[in-house]
Amino acid sequence: MSEAIQQLVLDTLDKLGTIHDTRTLVLPGHSDPAASHDSQIIILGALNSLASREMITYTTQETISHVLTPEGAHIALQGSHEARVWAALPAKGETKPLTPKQLEERVGSETAKIGQGRAFKNKWIAKEGDGLVKAVPSIQDTTQLEMREVDSTGTLKTGEKALAELRKRKLIVQRKGQWFTVKKGPTFSTSIAKPETDLTIDMLATGSWKTSTYKKYNFEAEGLPTNGGAFHPLLKVREEIRNIFLEMGFAEMPTSAYVESGFWCFDALFVPQQHPAREVQDTFYLSDPATSLPPPAEYYERVSRVHEHGGYGSTGYRAPWSDAESRKLLLRTHTTASSASMLWKLAARCRGEGADTSADARAAHPGSVPDGAQDDGFRPAKLFSIDRVFRNETMDATHLAEFHQVEGVVADRNLTLADLIGFMRVFFKKMGIENLRFKPAYNPYTEPSLEIFAFHPQLRKWVEVGNSGMFRPEMLEPMGFPKDVHVHGWGISLERPTMIRYGINNIRTLVGHKVSLEGVEKSPAVRF
Numbered sequence: 003m004s005e006a007i008q009q010l011v012l013d014t015l016d017k018l019g020t021i022h023d024t025r026t027l028v029l030p031g032h033s034d035p036a037a038s039h040d041s042q043i044i045i046l047g048a049l050n051s052l053a054s055r056e057m058i059t060y061t062t063q064e065t066i067s068h069v070l071t072p073e074g075a076h077i078a079l080q081g082s083h084e085a086r087v088w089a090a091l092p093a094k095g096e097t098k099p100l101t102p103k104q105l106e107e108r109v110g111s112e113t114a115k116i117g118q119g120r121a122f123k124n125k126w127i128a129k130e131g132d133g134l135v136k137a138v139p140s141i142q143d144t145t146q147l148e149m150r151e152v153d154s155t156g157t158l159k160t161g162e163k164a165l166a167e168l169r170k171r172k173l174i175v176q177r178k179g180q181w182f183t184v185k186k187g188p189t190f191s192t193s194i195a196k197p198e199t200d201l202t203i204d205m206l207a208t209g210s211w212k213t214s215t216y217k218k219y220n221f222e223a224e225g226l227p228t229n230g231g232a233f234h235p236l237l238k239v240r241e242e243i244r245n246i247f248l249e250m251g252f253a254e255m256p257t258s259a260y261v262e263s264g265f266w267c268f269d270a271l272f273v274p275q276q277h278p279a280r281e282v283q284d285t286f287y288l289s290d291p292a293t294s295l296p297p298p299a300e301y302y303e304r305v306s307r308v309h310e311h312g313g314y315g316s317t318g319y320r321a322p323w324s325d326a327e328s329r330k331l332l333l334r335t336h337t338t339a340s341s342a343s344m345l346w347k348l349a350a351r352c353r354g355e356g357a358d359t360s361a362d363a364r365a366a367h368p369g370s371v372p373d374g375a376q377d378d379g380f381r382p383a384k385l386f387s388i389d390r391v392f393r394n395e396t397m398d399a400t401h402l403a404e405f406h407q408v409e410g411v412v413a414d415r416n417l418t419l420a421d422l423i424g425f426m427r428v429f430f431k432k433m434g435i436e437n438l439r440f441k442p443a444y445n446p447y448t449e450p451s452l453e454i455f456a457f458h459p460q461l462r463k464w465v466e467v468g469n470s471g472m473f474r475p476e477m478l479e480p481m482g483f484p485k486d487v488h489v490h491g492w493g494i495s496l497e498r499p500t501m502i503r504y505g506i507n508n509i510r511t512l513v514g515h516k517v518s519l520e521g522v523e524k525s526p527a528v529r530f
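Going by the working numbering, the first residue of the sequence shown is number 3, and it counts up by one from there.
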């Protein structure tokens with residue numbers, strides 16, 4: 003169809019020189035000129051195709067017309083509501099007047115409701131007792147006549163005021179139309195054969211390239227703008243928290259091991275092997291491979307002994323120890339598994355594995371060895387990590403099966419709970435959170451333990467923002483740490499502060515397939 007219209011335009015131009023009004027064209031398969039709006043849309047597509055090859059030029063002329071709504075079309079056929087009400091009533095004095103209910107039964111409730119008011123306004127009907135009768139012997143249904151005039155011409159001779167009244171009554175709607183004046187272009191031809199866009203092997207072999215016409219290259223056209231990369235809101239908040247840690251003198255732990263053994267994820271942290279968190283409804287276990295390589299033998303023996311029989315001032319859990327449970331492979335449920343591994347490596351000096359007790363080593367870490375005491379190899383450390391963890395959660399607006407944990411660890415001599423609370427206040431103040439409360443809690447591997455709450459000014463209530471505590475001697479001393487070495491540990495999620503910072507109320511629109519790429523590109527940088 004498009005090619006047929008293009009050929010019609012070219013042939014008409016070749017004959018007339020100019021097409022002054024495309025509404026005069028008779029489209030293929032039609033008997034009348036293309037005066038309708040839809041016909042002009044079809045013609046526009048053909049004109050754009052020809053203009054892109056510079057075969058024609060055209061200018062657009064706009065028109066304003068009106069078309070009937072469904073109600074207006076019904077009035078054009080059946081008459082206006084007021085005229086139908088008048089026609090249904092008896093003449094005055096001839097028969098008994100019709101009650102409003104009888105009138106509704108004859109013409110319908112909608113027609114009766116609308117028509118009565120306009121009929122009274124036109125003084126076509128009158129009340130007689132409890133009923134209605136005709137007030138005049140004949141009427142002229144002006145509304146019906148106007149509908150028919152608009153339907154045939156798109157306008158009214160009476161002018162804009164009458165059209166505005168009909169638009170107000172929602173009997174007609176305004177429609178913008180267009181038509182075109184068409185002239186010959188620089189490459190005018192009556193042939194619609196498209197120019198070649200590529201030089202092919204066949205054209206070179208046959209020599210047809212010599213006589214072919216080619217589409218011109220537009221060397222001034224601008225290319226599509228390139229889209230640079232954009233940081234996800236989680237990465238922006240992660241970087242801000244990371245900078246806070248680095249500013250406070252922390253070193254980042256390696257946390258690339260998403261798969262851990264039950265030993266490092268639970269046993270080394272003094273989590274009992276019968277703990278509910280180790281069930282399949284809370285933890286993802288691997289089926290292939292299903293078991294890990296053995297951990298360091300001496301350390302493994304100390305951990306299993308303190309679990310089963312106690313030690314280091316503890317009675318242990320007094321429950322049978324299972325090597326199979328300890329060797330299971332799983333997706334880590336917290337990055338504290340990496341913290342345990344790092345602490346065990348940190349305690350290597352204390353175990354005499356590569357310890358440097360020279361005067362130079364002591365001078366490099368002033369204060370790490372009490373005055374008058376023998377150097378036991380311990381060096382203070384501040385470590386942090388921000389990485390992904392996995393839990394078998396039911397997914398909803400605030401929970402996913404995987405999320406990011408922010409964790410910090412401080413190891414030093416004679417640390418106290420007051421040190422932990424003071425440190426937490428400094429850390430959260432740098433995040434813009436100053437109103438904190440601490441609540442005693444239970445964790446298998448920390449004692450004492452504290453839940454951290456902050457006052458949320460938008461929600462106007464206290465919300466939990468983290469968990470913290472001091473690692474138990476049952477965890478630290480089997481690693482080889484001296485008794486006076488204490489370790490602070492705390493953790494928060496990365497998703498919760500990100501959702502608060504960016505006003506997100508459903509975590510599934512922050513992480514996953516529902517994330518808006520446009521939102522990622524336009525999300526501002528966050529500053530605590």
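C-beta atoms are modelled at their ideal positions from N, C-alpha and C, and glycine is treated no differently.
Give every residue of the same chain whose Cβ lies closer than 7 Å to the Cβ of residue i, excluding the five residues on either side of it in the sequence, and list them in chain order.
i           : result
residue 85  : 141, 143 and 146
residue 465 : 455, 456 and 458
residue 305 : 269, 270 and 480
residue 106 : 114
residue 276 : 321
residue 239 : 496, 499, 500, 503 and 528
residue 199 : 217
residue 368 : Residue placement at residue 368 is poorly supported in this model, since its pLDDT is 49, which falls under 50; the coordinates still yield a value, given next. Closer than 7 Å at Cβ, skipping near neighbours: no residue.
residue 252 : 384, 385, 386 and 410
Which whole-angstrom value is the C-beta distance of residue i and residue j, which I expect to be below 8 Å?
i           : j           : result
residue 63  : residue 182 : 7 Å
residue 337 : residue 257 : 5 Å
residue 173 : residue 73  : 6 Å
residue 133 : residue 100 : 5 Å
residue 27  : residue 44  : At roughly 10 Å, the Cβ-Cβ gap does not stay under 8 Å, so residue 27 and residue 44 are not in contact.
residue 116 : residue 83  : 4 Å
residue 487 : residue 413 : 6 Å
residue 433 : residue 470 : Residue 433 to residue 470, Cβ: 15 Å. No contact.
Please name the residue, chosen from the options, that lies closest to residue i on a Cα-to-Cα basis.
i           : options               : result
residue 392 : 405, 154 and 380      : 405
residue 210 : 197, 219 and 135      : 197
residue 323 : 223, 288, 264 and 101 : 264
residue 353 : 333, 380 and 340      : 380
residue 71  : 52, 220, 153 and 276  : 153
residue 90  : 54, 139 and 440       : 139
residue 422 : 22, 433 and 451       : 451
residue 93  : 137, 502, 12 and 39   : 137
residue 121 : 87, 108 and 17        : 87
residue 295 : 262, 333 and 41       : 262
residue 68  : 104, 123, 135 and 167 : 167
residue 75  : 10, 148 and 212       : 148
residue 260 : 220, 339, 213 and 281 : 339
residue 382 : 440, 244, 227 and 416 : 416
Excluding sequence positions up to five away, which residues of its chain have a Cβ less than 6 Å from the Cβ of residue i?
i           : result
residue 449 : 474
residue 312 : 318
residue 288 : 331
residue 522 : 232 and 234
residue 30  : 6
residue 150 : 78
Near residue i, which residues of its chain fall below 8 Å by C-beta distance, leaving aside the five closest residues on each side in sequence?
i           : result
residue 401 : 395 and 509
residue 15  : 21, 58, 184, 185, 186 and 190
residue 13  : 192
residue 335 : 267, 279, 284, 285, 391, 392 and 393
residue 420 : none
residue 361 : Any answer about residue 361 is weak, because its pLDDT of 46 lies below 50 and its placement is not dependable; what the coordinates show is given next. Cβ within range, chain order: n/a, list empty.
So that I know if they touch, is there some Cβ in chain C lying closer than 8 Å to that of residue i?
i           : result
residue 489 : Going by chain labels, chain C is absent from the structure shown, which holds only one protein chain.
Report the residue ranges of all alpha helix (DSSP H) runs contained in full by the segment 476-517; include only those spanning at least 4 residues, in chain order. 497-504
Below 8 Å, how does it come out for the segment 321-330 and the segment 258-277: are there three or more Cβ pairs, yes or no? yes
Are at least three pairs of beta-carbons, each pair with one atom in the segment 379-396 and one in the segment 344-354, less than 8 Å apart? yes
Report yes or no: do the segment 63-73 and the segment 171-179 share at least 3 C-beta pairs separated by less than 8 Å? yes
Is there contact here, the segment 405-425 with the segment 483-492, by at least three beta-carbon pairs under 8 Å? yes
Considering only residues of the segment 45-90, which uninterrupted alpha helix (DSSP H) runs meet the minimum length of 4 residues and lie entirely inside it, listed in chain order? 72-80 and 83-90
Three or more C-beta pairs below 8 Å linking the segment 297-311 and the segment 467-483: yes
Hey, is the segment 45-58 in contact with the segment 156-167, meaning 3+ C-beta pairs nearer than 8 Å? no
Jot down the residue ranges of each uninterrupted beta strand (DSSP E) in the segment 250-275, minimum 3 residues, whole runs only, in chain order. 261-263
Complete runs of the beta strand (DSSP E) confined to the segment 291-325 [at least 3 residues]: none
Which runs of the alpha helix (DSSP H) at least 4 residues long sit entirely within the segment 194-235? Give them in chain order. 203-208
Within the segment 159-191, note down every full alpha helix (DSSP H) run reaching 4 residues or more, in order along the chain. 162-170
At which residue ranges does the segment 114-157 contain complete alpha helix (DSSP H) runs of 4 or more residues, listed in the order of the chain? 144-155
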